[in-house]
Amino acid sequence: MNILIIGAGNMGTTYAKSLLASHFATPDQMQLLIRSDAGRTRLPEIPDYNIFRSAGDFIRQADIIIVSVKPQDYGTVAPTIRPFLNPEQIVLSVMAGVSIQTLHTSLGIPKLVRAMPNLPSQIGMGMTVFSCSPELDRKELFIIQNLLNTTGKAMYVEDEGLLDSATAVSGSGPAYVYYFMNAMIKAGIELGFTPAQAELLVNQTFMGSVHLQNRNTISCEDWIKKVASKGGTTEAALKVFLENRVEEDVKEAINSAFKRSQELGK
2 MNILIIGAGN
12 MGTTYAKSLL
22 ASHFATPDQM
32 QLLIRSDAGR
42 TRLPEIPDYN
52 IFRSAGDFIR
62 QADIIIVSVK
72 PQDYGTVAPT
82 IRPFLNPEQI
92 VLSVMAGVSI
102 QTLHTSLGIP
112 KLVRAMPNLP
122 SQIGMGMTVF
132 SCSPELDRKE
142 LFIIQNLLNT
152 TGKAMYVEDE
162 GLLDSATAVS
172 GSGPAYVYYF
182 MNAMIKAGIE
192 LGFTPAQAEL
202 LVNQTFMGSV
212 HLQNRNTISC
222 EDWIKKVASK
232 GGTTEAALKV
242 FLENRVEEDV
252 KEAINSAFKR
262 SQELGK
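Following my numbering, the numbering of the sequence shown begins with 2 at its first residue and continues without gaps.
Structure, rendered in structure tokens:
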């Protein structure tokens, strides 16, 4: 399939490299519409004749158009590409807060997909939640899911409103993980480890715990019980979490991110 990627920032570059690595598209089937030389430098695999700096007839050749510009720049980009679009093309947006209705109004074509990827997509370990307009048929939906799966795992939701939920849970989620990891690293240093030692301890603990959970059907609550023996060290730590309402604070923080996502989409 012919793929056009508009914008070669972190996410545009991620999709370009993932699609090439997975053989979803060849360099000859991929085009870039970019503004700066930085994007060109990050994607030397794409031949010069498939690199464009302004909208034009080449847009008509694309089967799928991935829009990965900053949301605040979309209002400038949309009117430049609209004259070259046709109803059979699929536009996939990875812009936060830009609704399917906004895409339809600004582009005037029916087949639209809105996706919310997260940072680990850069290494093929991402989580992407996506929704689409009803005009996509089953085959097209399958193609889009396969495309998104090149960066990790993808989940389709019929309710577009769940993308705000996904933004709060998985989109922002890596920052929550790094926040907790950072606190554990600092605690390790205070307990006598060097920074490098503390980082190794925490990194391997997170990696091992996630892999262990993924390889079994046991719930997180059951895993906690397996680690926390009665009267032991883990129970002492968990008691502090309980007394300080850490679980409630985490849920409140995610709810705050959810509300902010809704605000940005208005």
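Positions of the beta carbon are idealized from the N, C-alpha and C atoms, including for glycine.
- When DSSP reads this structure, residue 115 sits in a beta bridge with 94, 132.
- For residue 187, the uninterrupted alpha helix (DSSP H) segment begins and ends at 174 to 191.
- With a threshold of 16 other beta carbon atoms within 10 Å, residue 43 meets it and is buried.
- Residue 47 has its alpha-carbon roughly 5 Å from the corresponding atom of residue 28.
- At a Cβ-Cβ threshold of 8 Å, residue 148 and residue 25 count as neighbours.
- Annotated three-state conformation of residue 153 is strand, per DSSP.
- Contact between the stretch 50 to 59 and the stretch 68 to 76 is not established, with fewer than three Cβ pairs separated by less than 8 Å.
- About 17 Å separates the beta carbons of residue 265 and residue 79, which is beyond the 8 Å limit, so they are not a contact pair.
- Residue 162 sits away from residue 119, with the two beta carbons spaced by 8 Å or more.
- DSSP, read as helix, strand or coil, puts residue 143 in helix.
- With distances taken between CA atoms, residue 128 lies nearest to 153 out of 5, 153, 19.
- Looking at the DSSP output, residue 32 sits in a beta bridge with 5.
- For residue 236 and residue 221, the gap between their C-alpha atoms comes out near 15 Å.
- Boundaries of the beta strand (DSSP E) harbouring residue 68: 65 to 68, taken from the DSSP string.
- Rounded to the nearest angstrom, the gap between the Cα atoms of residue 54 and residue 45 is 16 Å.
- If you check the CB distance, residue 145 and residue 104 do not come in under 8 Å.
- Inter-residue distance for residue 180 and residue 172 is about 14 Å (C-alpha atoms, whole angstroms).
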